[in-house]
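Engineer: Numbering (the numbering used here), first residue to last: 19 to 347.
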């Protein structure tokens with residue numbers, strides 16, 4: 019009898035221990051790291067770049083919902099909200115902040131300790147995001163497109179397609195620091211070849227209609243659309259207005275041409291976000307932003323929409339068709 023009681027006590031104790039193990043293991047399981055995704059755009063407009071960012075994370079071993087969580091904060095085009103949204107992510111103590119859609123400076127101002135990976139169209143050194151491209155220093159690194167310095171190349175390609183346009187309208191996104199560099203680049207290129215420009219600033223979506231009305235009134239024969247999140251966020255509207263006013267237009271990214279725009283030349287935005295996802299994963303694995311050189315997106319895309327060209331009554335020169343990375347028919 020004594021042996022039986024002992025066995026029952028032993029089995030009862032063993033069972034209690036077994037039941038306790040899962041609870042103990044669960045309590046000790048580390049919480050998934052959280053990434054803060056900060057953007058001046060809206061979720062719908064940024065769907066393709068979010069997918070590209072997740073792809074980069076996956077390449078280095080992080081799957082959203084399985085290995086990492088992502089806290090999304092969207093300014094929906096209201097860039098004055100970025101500082102508050104960045105502060106919210108800092109309050110949540112996320113592990114890394116992905117600063118997208120013109121939010122790099124807001125993220126940097128919000129924290130000096132949480133690592134930041136930016137995606138940026140201008141010069142991050144001139145604008146104070148990093149000390150240098152090779153040695154960024156501090157808690158910030160990222161991917162740069164340098165889209166604002168490609169304005170002269172886009173102007174050259176547009177003139178090849180519309181050589182008789184004596185006046186070209188230029189839309190500049192004045193809300194971004196790199197706008198001034200783009201303005202100077204395009205203006206200098208135009209002066210060198212005697213091209214007349216009408217340069218108009220766009221600081222909100224309401225300025226877009228006004229700008230197009232001005233271009234038409236002043237006799238613009240073609241349009242150069244500058245880089246920046248405002249125009250990209252309203253690309254369908256910009257493309258529709260260019261079509262409505264029969265203005266052959268050159269854009270800074272492929273996304274415009276997919277939406278029906280005539281032509282684009284620029285670095286691949288989606289590939290840049292994929293690279294940013296890889297950098298974010300490397301930081302989650304323990305690397306420091308100060309030791310990760312700012313990556314320069316090197317995948318350039320020249321895209322032409324032949325259907326739009328035909329609608330506008332344009333014949334695309336053979337040399338441009340041969341040079342194009344993609345021709346949409």
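Where is the CB? At the ideal position from N, CA and C, for every residue including glycine.
Owing to the predicted nature of the structure, the values given are computational and were not obtained by experimental measurement.
What first and last residue would you give for the alpha helix (DSSP H) that runs through residue 357?
Structural biologist: There is simply no residue 357 to check, as the chain begins at 19 and stops at 347 in what is shown.
Engineer: List in chain order: all unbroken alpha helix (DSSP H) runs of 4+ residues lying wholly within the region 89 to 150.
Structural biologist: Counting only runs that start and end inside the region 89 to 150, the alpha helix (DSSP H) elements of at least 4 residues fall at 100 to 109 and 122 to 128.
Engineer: With a cut-off of 8 Å, do at least 3 Cβ pairs link the region 100 to 107 to the region 127 to 143?
Structural biologist: yes
Engineer: When the Cα atoms are used, what is the spatial distance from residue 229 to residue 144?
Structural biologist: One Cα belongs to residue 229, the other to residue 144, and the distance between them is close to 29 Å.
Engineer: Taking just the CA atoms, how far does residue 70 sit from residue 6?
Structural biologist: Only positions 19 to 347 of the chain appear in this structure, which leaves residue 6 out of reach.
Engineer: So, with DSSP's three-state summary, where would you put residue 208?
Structural biologist: helix
Engineer: Hey, could you find the ends of the beta strand (DSSP E) residue 163 is sitting in?
Structural biologist: Per DSSP, residue 163 belongs to no beta strand (DSSP E) and is neither H nor E.
Engineer: In the DSSP assignment, find the unbroken beta strand (DSSP E) run with residue 214 in it and report its ends.
Structural biologist: 214 to 220
Engineer: How is the beta strand (DSSP E) around residue 285 delimited, first residue to last?
Structural biologist: In the DSSP assignment, residue 285 falls within the unbroken beta strand (DSSP E) covering 281 to 285.
Engineer: Three Cβ pairs or more, each shorter than 8 Å: is that satisfied between the region 256 to 269 and the region 301 to 316?
Structural biologist: no
Engineer: Check this for me: beta carbons of residue 347 and residue 325, under 8 Å apart or not?
Structural biologist: yes
Engineer: In whole angstroms, give me the CA-to-CA distance for residue 101 and residue 57.
Structural biologist: 11 Å
Engineer: Does the distance from the C-beta atom of residue 180 to that of residue 204 stay below 8 Å?
Structural biologist: no
Engineer: Contact defined as beta carbons within less than 8 Å: I believe residue 59 pairs with residue 311. What is the distance between those atoms, to the nearest angstrom?
Structural biologist: So it is not a contact: roughly 26 Å between Cβ atoms.
Engineer: Along the chain, where does the alpha helix (DSSP H) that runs through residue 273 open and close?
Structural biologist: 272 to 276
Engineer: In chain order, what residues of the same chain have a beta carbon less than 6 Å from the beta carbon of residue 122, not counting five sequence neighbours either side?
Structural biologist: 136, 138 and 147
Engineer: Across which residues does DSSP place residue 159 in a beta bridge pair?
Structural biologist: Residue 159 pairs with 135.
Engineer: Taking only the alpha-carbon atoms, compute the straight-line gap between residue 67 and residue 241 and give it to the nearest angstrom.
Structural biologist: 26 Å
Engineer: Over the uninterrupted alpha helix (DSSP H) stretch that includes residue 242, give me the two end residues.
Structural biologist: It is not in any alpha helix (DSSP H) - residue 242 instead sits in the beta strand (DSSP E) that spans 240 to 243.
Engineer: Which residues in the same chain have their Cβ closer than 6 Å to the Cβ of residue 46, if we skip the five residues on either side of it in sequence?
Structural biologist: Low confidence applies here, because residue 46 scores a pLDDT of 46, under 50, leaving its location unreliable; read the following figure in that light. Setting aside the 5 residues that flank it on each side, residue 46 has no residue in the same chain whose C-beta is closer than 6 Å to its C-beta.
Engineer: If I measure Cβ to Cβ from residue 24 and keep anything under 8 Å in the same chain, skipping five residues before and after, which residues do I get?
Structural biologist: Its pLDDT being 48, under 50, residue 24 is placed unreliably by the model, and the measurement read from it follows with that caveat. So no residue of the chain qualifies.
Engineer: Flag this pair as touching only if the region 274 to 288 and the region 251 to 258 have three or more C-beta atom pairs under 8 Å; answer yes or no.
Structural biologist: Remark: three or more beta-carbon pairs, one from each stretch, lie closer than 8 Å, so the region 274 to 288 and the region 251 to 258 are flagged as touching.
Engineer: Along the chain, where does the beta strand (DSSP E) containing residue 361 start, and where does it finish?
Structural biologist: The first residue shown for the chain is 19 and the last is 347, placing residue 361 beyond what the model contains.
Engineer: Roughly how many whole angstroms lie between the Cα atoms of residue 190 and residue 245?
Structural biologist: 7 Å
Engineer: Only counting the same chain, and skipping five residues up and downstream in sequence, which positions put a Cβ closer than 6 Å to that of residue 42?
Structural biologist: A caution first: residue 42 carries a pLDDT of 41, below 50, which makes its placement in the model unreliable, though a value can still be read off. Around residue 42: no qualifying Cβ.
Engineer: How many Å lie between residue 235 and residue 216 at the Cα?
Structural biologist: 11 Å
Engineer: Does DSSP put residue 82 in a helix, a strand or coil?
Structural biologist: Residue state, collapsed to three classes: strand.
Engineer: Tell me where the alpha helix (DSSP H) around residue 10 begins and ends.
Structural biologist: Since the first and last residues shown for the chain are 19 and 347, residue 10 lies out of range.
Engineer: Measuring only the C-alpha atoms, how far is residue 331 from residue 297?
Structural biologist: 45 Å
Engineer: Below 7 Å CB to CB, which residues in the same chain sit around residue 327 once its five sequence neighbours on both sides are set aside?
Structural biologist: 280 and 334
Engineer: To the nearest angstrom, how far is it from the Cα of residue 238 to the Cα of residue 286?
Structural biologist: 29 Å
Engineer: For residue 56, list the residues DSSP reports as bridge partners.
Structural biologist: 91 and 117
Engineer: Under three-state DSSP, which class holds residue 198?
Structural biologist: helix
Engineer: So that I know if they touch, is there some Cβ in chain D lying closer than 8 Å to that of residue 169?
Structural biologist: As a matter of chain content, chain D is missing from the structure shown, which is built from one protein chain.
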